[in-house]
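Quick mapping for you: the protein sequence lines, in order, are chains A and R. Per our numbering, the first sequence starts with residue 121, numbered consecutively. Per our numbering, the second sequence starts with residue 34, numbered consecutively. Encoded as structure tokens, the structure appears first; notes follow it.
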Amino acid sequence: MIDVLNAIVALLNYVIIPATAYGSQLALGALGVTLIYGILRFSNFAHGDTMAFGTMATILITWVLQAMGVTFGVLPTALLALPFGIVITALMVLGTDRVVYSYYRRVKAKPIVLVMASIGVMFVLNGIVRLIIGPGDQRFTDGERFIFNARDFKEWSGLAEGMAFKTTQGITIVTAALVVAALFWFLNRTRTGKSMRAYSDNEDLALLSGINPERVVMITWIIVAALATIAGTLYGLDKSFKPFTYFQLLLPIFASAIVGGLGSPLGAIAGGFIIAFSEVFVTYAWKKVVTYLVPEPLEPSGLLQLLGTDYKFAVSFAILVIVLLFRPTGLFKGKSV
Amino acid sequence: MTMNWRNIGLFGLVALLIIGTGVFQSWNLALAILNMGLVSAIMALGVNMQWGYAGLFNVGIMGFIALGSLAVVVTSIPPVPEAWSAAGREMVAALLLGLAVIILAVFVYGRMAKGRKRGFTLLAILVVGFIAYRTVFDPAADKIEAINPAATGFLGGLGLPVILAWPVGGLLAAAAAWAIGKTALGLRSDYLAIATLGISEIIVAVLKNEDWLARGVKNVNGLPRPVPYEIDLQRSEGFVAWAQNWGADPVTASSIVVKLGYAGLFLVVLLILIAMSEAALRSPWGRMMRAIRDNEVAAEAMGKDVKRRHLQVFVIGSAVVGLAGAMMTTLDGQLTPASYQPLRYTFLVWVMVIVGGSGNNWGAVLGGFVIWFFWVQVEPMGQALMQFVTIGMEDGSDLKAHLLSSAAHMRLLTMGLIMLLVLRFSPRGLIPEK
Numbered sequence: 121m122i123d124v125l126n127a128i129v130a131l132l133n134y135v136i137i138p139a140t141a142y143g144s145q146l147a148l149g150a151l152g153v154t155l156i157y158g159i160l161r162f163s164n165f166a167h168g169d170t171m172a173f174g175t176m177a178t179i180l181i182t183w184v185l186q187a188m189g190v191t192f193g194v195l196p197t198a199l200l201a202l203p204f205g206i207v208i209t210a211l212m213v214l215g216t217d218r219v220v221y222s223y224y225r226r227v228k229a230k231p232i233v234l235v236m237a238s239i240g241v242m243f244v245l246n247g248i249v250r251l252i253i254g255p256g257d258q259r260f261t262d263g264e265r266f267i268f269n270a271r272d273f274k275e276w277s278g279l280a281e282g283m284a285f286k287t288t289q290g291i292t293i294v295t296a297a298l299v300v301a302a303l304f305w306f307l308n309r310t311r312t313g314k315s316m317r318a319y320s321d322n323e324d325l326a327l328l329s330g331i332n333p334e335r336v337v338m339i340t341w342i343i344v345a346a347l348a349t350i351a352g353t354l355y356g357l358d359k360s361f362k363p364f365t366y367f368q369l370l371l372p373i374f375a376s377a378i379v380g381g382l383g384s385p386l387g388a389i390a391g392g393f394i395i396a397f398s399e400v401f402v403t404y405a406w407k408k409v410v411t412y413l414v415p416e417p418l419e420p421s422g423l424l425q426l427l428g429t430d431y432k433f434a435v436s437f438a439i440l441v442i443v444l445l446f447r448p449t450g451l452f453k454g455k456s457v
Numbered sequence: 034m035t036m037n038w039r040n041i042g043l044f045g046l047v048a049l050l051i052i053g054t055g056v057f058q059s060w061n062l063a064l065a066i067l068n069m070g071l072v073s074a075i076m077a078l079g080v081n082m083q084w085g086y087a088g089l090f091n092v093g094i095m096g097f098i099a100l101g102s103l104a105v106v107v108t109s110i111p112p113v114p115e116a117w118s119a120a121g122r123e124m125v126a127a128l129l130l131g132l133a134v135i136i137l138a139v140f141v142y143g144r145m146a147k148g149r150k151r152g153f154t155l156l157a158i159l160v161v162g163f164i165a166y167r168t169v170f171d172p173a174a175d176k177i178e179a180i181n182p183a184a185t186g187f188l189g190g191l192g193l194p195v196i197l198a199w200p201v202g203g204l205l206a207a208a209a210a211w212a213i214g215k216t217a218l219g220l221r222s223d224y225l226a227i228a229t230l231g232i233s234e235i236i237v238a239v240l241k242n243e244d245w246l247a248r249g250v251k252n253v254n255g256l257p258r259p260v261p262y263e264i265d266l267q268r269s270e271g272f273v274a275w276a277q278n279w280g281a282d283p284v285t286a287s288s289i290v291v292k293l294g295y296a297g298l299f300l301v302v303l304l305i306l307i308a309m310s311e312a313a314l315r316s317p318w319g320r321m322m323r324a325i326r327d328n329e330v331a332a333e334a335m336g337k338d339v340k341r342r343h344l345q346v347f348v349i350g351s352a353v354v355g356l357a358g359a360m361m362t363t364l365d366g367q368l369t370p371a372s373y374q375p376l377r378y379t380f381l382v383w384v385m386v387i388v389g390g391s392g393n394n395w396g397a398v399l400g401g402f403v404i405w406f407f408w409v410q411v412e413p414m415g416q417a418l419m420q421f422v423t424i425g426m427e428d429g430s431d432l433k434a435h436l437l438s439s440a441a442h443m444r445l446l447t448m449g450l451i452m453l454l455v456l457r458f459s460p461r462g463l464i465p466e467k
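In structure tokens, the structure reads:
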């Protein structure tokens, strides 16, 4: 019986909690991709680097705040810097839209041309981020490290297996829940949100009923900038900030958005968690959990790891391929095939 | 195509740039730029087939190049007999087993009726197959990697002449392209981009982690060469006498002769490919491809199998990229998986195609040379620019140090800007399609 409890605790500690935090981050990222796809109708390859830009802005403000001696008590100072980061990113994104994308919208270019333009934007952002903050690792967490740590948990429960819950993981899950709730309230209850959904469903009909497309596009970009900055900052707090990692996040984020159905916000959230849980499930070494559960003679000799952690991208890719093969519109019926 | 004076002038300008490098910097550098320029031109040619002829957006060029590079190792390196006798048979058995599982799964999927029963059977086959595969594969890989890991630790290759690796690289890339194309073509155009981005990351991850195959990040050095070694030339009396006859230092002369040898080989390949693609573009097949690109619905209504044609051109283009990857690795003489960055291998080639002129073979070739020249030369220019910008700042200030150290990232910025500007103001490129 104790062994079963130990196994559950190990499972929570190494799989469920990290996967939930990672899933929240992916879901926020995928929401940004899916909104752009729904309103502007192209896959935004610059999204990973928008996240990197937003995180960089937040980190810089965090450093300024820290230098001024401002802290947020037990919580990381980065949360205080987040609104500033969002504003800076929103301005940057609106500028890019004005300089790059608005032209292609006006000439009604094919979606693929917009995708290529977004790759150009990705390059430029990538260069700017590396010019300003450098290509290296940045850690910017402060405040209390744990909500509870492994030792306290062991003493409290009397179990052999410890469980830790990092502050950053807690913040990630809570923030993601709040942001998603706010976003859905905005999309479903406010006039502006409804006009966005109308525009996404049927552009011509929305235009006929007097919706101003430029306003819809502007609001979309602002929301996307906020989502990207929050997702990027949470990921950076939880793990660490490195520009190249954010570029690589593009694949799991796209996989999440497509698995859920491009253009469907609910699908993006589901997709984020599906991808995150599969990645952690497949790359976790199950030896520990299984050892608790099976009788001694059956104990596994290997690590019981399905794939090395270096192949975690292969997991999102495999899921992506399966969905493309069998259900190209995604689980929640996205916009198009 | 009819070579008009403007295009000849553009190519002449590139030639001048390279000759200028030779005169003002060094002939070694000029020839190095020329050789990589030739390889880049072939890569651009391959991508141009996909984008220019058919409008397919491939963001996984890095993966196809990496497959070409892998081909050089598995074809030309001599086999490692200890590794083969230790676990070679088990490894082959494991790979065949994996293949058999996939074939069985596809077969079952095709034969059984749709429904829950098929789903569970498929799942069972895949799970059992995966466990069986890993039980055979893991010990074999461990045994192979344990054999003299500092020098070998891999199976080695077939020990064939390295030129043979070039077509093999094309074949490997074509096989990967077929699998990707089967999945993602026929869906929205963005999906192919995302799928190719994914497969290229995975191919490079495999190269980095599967040590038994090509030593992973430990690199494979000393790949065989199709041209003589500098040191052999320097030892040959005939060559030394010949070089001195020209009044040249034998060491410099030997490295120039070797580079010229590569340039000759690459030029032959490039000319053959251009001749073939020009012929293809002018043929009824080329007209059909352009018709599909310009209006898929109309082409489909005329009875053209759009998906099949797309798959065809995607496979051919990727094969050309794989061939170029094999040539590049032969030129480098080593396989270094850690150096595969999407920026350098995927997006740079894209900039070449767009700047050169998509849809036009000569444009792609020109773009390959021009962009490669600037890629090599922008770094010193960026350094000089940063020196200039920081000239007024006092020495030792943090900002100055930061700006100087980040000059390398100017490349990203410049390439991105070039791409955006060309796309916006001159989307047809330097040599537009007729």
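No residue lacks a Cβ here, since even glycine has one placed at the ideal position from N, Cα and C.
Residue R/86 holds the alpha-carbon nearest to the alpha-carbon of residue 320 of chain R among R/445, R/41, R/426, R/86. Residue 295 of chain A and residue 369 of chain A do not touch by the CB rule: their CB atoms are close to 17 Å apart, not below 8 Å. Among the residues of chain A, those whose CB is under 9 Å from the CB of residue 242 of chain R are 428, 430, 431, following chain order. Taken through DSSP and simplified to helix, strand or coil, residue 464 of chain R comes out as coil.
Distance from the CA atom of residue 88 of chain R to the CA atom of residue 453 of chain R, rounded to whole angstroms, is 18 Å. At least one CB of chain R lies nearer than 8 Å to the CB of residue 246 of chain A. Listed in chain order, the non-local C-beta contacts of residue 174 of chain R below 6 Å within the same chain comprise 245, local neighbours out to five positions each way being set aside. In this structure, residue 359 of chain R sits away from residue 73 of chain R, with a CB-CB distance that is not shorter than 8 Å. Between the beta-carbon of residue 390 of chain R and that of residue 463 of chain R there is about 5 Å, and that keeps the pair under the 8 Å contact cut. Under the 8 Å Cβ criterion, the stretch 422-429 of chain A does not count as touching the stretch 146-160 of chain A, having fewer than three qualifying pairs. Within chain R, the residues placing a beta-carbon under 8 Å from that of residue 444 of chain A are 216, 217, 220, 224, 228, ordered along the chain. Residue 349 of chain A sits close to residue 209 of chain A, with the two beta carbons spaced by under 8 Å. Around the beta carbon of residue 310 of chain R, a 10 Å sphere encloses 16 or more other beta carbons of the protein chains shown; the residue is thus reported as buried.
Closer than 8 Å to the CB of residue 439 of chain R there is at least one CB belonging to chain A. Annotation for residue 268 of chain A: the continuous beta strand (DSSP E) segment containing it runs 266-268. Rounded to whole angstroms, residue 168 of chain A and residue 342 of chain A show a C-alpha spacing of 16 Å.
A straight-line Cα-Cα distance of about 47 Å links residue 319 of chain A and residue 307 of chain R. In this structure, residue 263 of chain A sits near residue 196 of chain A, with a CB-CB distance shorter than 8 Å. If you check the CB distance, residue 158 of chain R and residue 169 of chain R do not come in under 8 Å.
Collapsing the DSSP output to three states places residue 421 of chain R in a helix.
Going by C-alpha positions, residue 331 of chain R is about 20 Å away from residue 314 of chain R. Under the Cβ distance rule, residue 223 of chain A counts among the residues neighbouring chain R, one pair being separated by less than 8 Å. Here DSSP, grouped into helix, strand and coil, assigns residue 182 of chain R to coil. According to DSSP, residue 367 of chain A shares a beta bridge with no other residue.
Closer than 8 Å to the CB of residue 238 of chain R there is at least one CB belonging to chain A. By the 16-neighbour rule on beta-carbons within 10 angstroms, residue 188 of chain A is exposed.
Residues of the stretch 360-387 of chain A whose Cβ lies closer than 9 Å to any Cβ of chain R, in chain order: 364, 367, 368, 370, 371, 374, 375, 378, 382. Just measuring C-alpha positions, the residue of R/93, R/106, R/99 sitting nearest residue 254 of chain R is R/106. Within the stretch 341-417 of chain R, the runs of alpha helix (DSSP H) that reach at least 4 residues and sit entirely inside it are, in chain order, 381-389. With fewer than 16 other beta carbons inside 10 angstroms of its own, residue 268 of chain R counts as exposed.
Annotation for residue 289 of chain A: the continuous alpha helix (DSSP H) segment containing it runs 287-309. Inter-residue distance for residue 200 of chain R and residue 243 of chain A is about 33 Å (C-alpha atoms, whole angstroms).
Among the residues of chain R, those whose CB is under 9 Å from the CB of residue 162 of chain A are 223, following chain order.
Within the same chain, Cβ atoms closer than 6 Å to the Cβ of residue 219 of chain R are found at 340, the five residues on either side in sequence being excluded.
At least one C-beta of chain R is nearer than 8 Å to the C-beta of residue 254 of chain A. Residue 206 of chain A sits away from residue 344 of chain A, with the two beta carbons spaced by 8 Å or more.
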